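Going by this note's numbering, the first residue of the sequence shown is number 3, and it counts up by one from there.
Data first, discussion second: the structure below is written as structure tokens.
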Amino acid sequence: MCFGLVLISGAPYLPTLKNQIDTIFDFAQLNPGDTIIELGCGDGRMLIAAAKRDMNAVGYELNPILFVICWLRTLRFRGKVTVKFADFWGSNWPNADAVYVFLLPRLMPALERKIIKEEPRGIKVISFAFDFPGLKPLKMKNGILLYEFTPEVDSSP
Ligand SMILES: C[S@@+](CC[C@H](N)C(=O)[O-])C[C@H]1O[C@@H](n2cnc3c(N)ncnc32)[C@H](O)[C@@H]1O
Numbered sequence: 003m004c005f006g007l008v009l010i011s012g013a014p015y016l017p018t019l020k021n022q023i024d025t026i027f028d029f030a031q032l033n034p035g036d037t038i039i040e041l042g043c044g045d046g047r048m049l050i051a052a053a054k055r056d057m058n059a060v061g062y063e064l065n066p067i068l069f070v071i072c073w074l075r076t077l078r079f080r081g082k083v084t085v086k087f088a089d090f091w092g093s094n095w096p097n098a099d100a101v102y103v104f105l106l107p108r109l110m111p112a113l114e115r116k117i118i119k120e121e122p123r124g125i126k127v128i129s130f131a132f133d134f135p136g137l138k139p140l141k142m143k144n145g146i147l148l149y150e151f152t153p154e155v156d157s158s159p
């Protein structure tokens with residue numbers, strides 16, 4: 003039931019594979035101490051990979067079973083990994099250097115708007131397979147797409 007309910011506000015659970023996780027970090031070009039946010043962090047595998055690379059990671063997960071699994075799996079990285087049992091749509095995201103998402107095609111237009119709102123200074127976004135309608139990916143490999151959201155220009159007088 004938990005896995006079904008998440009479909010109302012998000013995407014079903016399917017994990018990112020190991021070689022794709024390597025591509026995420028290859029694309030993101032983050033430094034130790036940088037922060038990556040994962041929207042829908044599943045079992046925590048990407049958060050753990052970030053912590054092992056000496057980065058900070060913040061994951062949002064709405065499925066309570068996956069949240070508990072993720073929370074337990076990331077326990078030994080607690081200094082670097084934060085897991086939030088929360089809907090990322092209704093949350094204010096922390097400052098970060100990159101965002102990773104693996105959701106659904108139908109969510110990408112709304113997600114593009116949410117990223118622009120949450121990250122007005124611009125940010126790198128890595129998406130599993132699915133395109134943002136208003137942007138062109140800078141790179142693609144192993145089903146992973148790299149996007150750069152540029153800073154919003156304030157055109158008010
Ligand atoms: C396709 S899975 C990807 C899991 C993980 N990111 C990975 O790549 O291994 C999508 C995940 O997003 C979670 N999710 C979907 N909508 C969400 C929402 N609105 N807030 C938080 N988590 C959500 C689902 O429960 C699921 O675990």
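Beta carbons: idealized from backbone N, C-alpha and C, even for Gly.
Computed from a predicted model, the values in this text were never measured in an experiment.
Query, Result
"8 angstroms CB neighbourhood of F27 in its chain, flanking five on each side removed", "A51, A52, R55"
"Distance between T18 and F29 (C-alpha atoms, nearest Å)", "15 angstroms"
"Inter-residue Cα distance where the pair is L68 and R78", "17 angstroms"
"Rounded C-alpha distance that separates I71 from P139", "32 angstroms"
"C-beta atoms of L105 and F134 nearer than 9 angstroms", "no"
"G136 versus G44, E150, G145, N144, residue with shortest Cα-Cα distance", "E150"
"Among S129, P153, T152, nearest to Q22 - alpha-carbon criterion", "S129"
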